[in-house]
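**Q**
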Amino acid sequence: MNLITNHLSGEAVEKETISLKVDRRKLAKRRWRGIADDGEEFGFDLQHPLTNGTPFHETEKARYQIEQTAENVLRIPFADQKQAAYYGWMVGNLHFSADFEDTAVIAEEDPAVRQMLERNHIQYQEATSVFEPVIVSHGHSH
Numbered sequence: 018m019n020l021i022t023n024h025l026s027g028e029a030v031e032k033e034t035i036s037l038k039v040d041r042r043k044l045a046k047r048r049w050r051g052i053a054d055d056g057e058e059f060g061f062d063l064q065h066p067l068t069n070g071t072p073f074h075e076t077e078k079a080r081y082q083i084e085q086t087a088e089n090v091l092r093i094p095f096a097d098q099k100q101a102a103y104y105g106w107m108v109g110n111l112h113f114s115a116d117f118e119d120t121a122v123i124a125e126e127d128p129a130v131r132q133m134l135e136r137n138h139i140q141y142q143e144a145t146s147v148f149e150p151v152i153v154s155h156g157h158s159h
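Sequential numbering of the sequence shown, starting at 18, is according to the working numbering.
And the structure:
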């Protein structure tokens, strides 16, 4: 097993790319284990979590990178920036993270978020995508 303590830096070199698929919750951790698509095993002991698309290991022939797996999300379309801010605030007020597209707020699929949207008669669609919520400050919980 290869021990990874940091991501790769420097220029990308033309090599075969091998993915290590991992879900968002595991990816947020600093210590975890994973198996790449070619069967190579890795242990991660990081100072900071890695993100989707980050290269983390290189051999003579290949470059390994993180591939975050898709998950169920709720896509909440909005008409303008004011509505986007309001929907983002509503999701955040439930202590859930949000991501933003040009025309929709993306929220984690959770019964509490779904119930809040339905209670307020806000249209949404179920979708599957790589969820990379905006991180701008340290969160808190009660």
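Using N, Cα and C, we set each Cβ at its ideal position, and we do this for glycine too.
Since the structure is predicted, the reported quantities are computational estimates derived from the model, not experimental observations.
1. Between L37 and E125, what straight-line distance do the alpha-carbon atoms span, to the nearest angstrom?
2. For V108, does the three-state DSSP call read helix, strand or coil?
3. Who are the Cβ neighbours of R41 in its own chain at under 7 Å, not counting the five residues just before and after it?
4. Measure how close the beta-carbons of F113 and V130 come, nearest whole angstrom, since I'm counting them as under 8 Å.
5. Output the distance between the C-alpha atoms of D116 and V122, rounded to the nearest integer angstrom.
6. In chain order, what residues of the same chain lie with their CB nearer than 6 Å to the CB of R80, ignoring the 5 residues before and after it?
7. Can you round the beta-carbon distance between L25 and G60 to whole angstroms, since I take them to be within the 8 Å contact cut?
**A** Concretely, from the data shown:
1. By 1-based counting over the sequence shown, the position of residue 37 is 20. By 1-based counting over the sequence shown, the position of residue 125 is 108. Going by the C-alpha atoms only, they are around 22 Å apart.
2. Within the sequence shown, the letter at position 91 stands for residue 108. Correct three-state label for V108: helix.
3. Working through the sequence shown from its first residue, we reach residue 41 at position 24. Q85, E88, F148, listed in sequence order.
4. Position 96 of the sequence shown holds residue 113. Position 113 of the sequence shown holds residue 130. Rounded, the Cβ-Cβ distance is 6 Å, consistent with contact.
5. Reading the sequence shown from its first residue, position 99 is the one you call residue 116. Reading the sequence shown from its first residue, position 105 is the one you call residue 122. About 6 Å.
6. The sequence position of residue 80 within the sequence shown is 63, counting from 1. Same-chain partners within the cutoff: K32, T34, P72.
7. As a first step, residue 25 is located in the sequence shown; it is residue number 8 there, counting from the start. As a first step, residue 60 is located in the sequence shown; it is residue number 43 there, counting from the start. 16 Å between Cβ atoms; not a contact.
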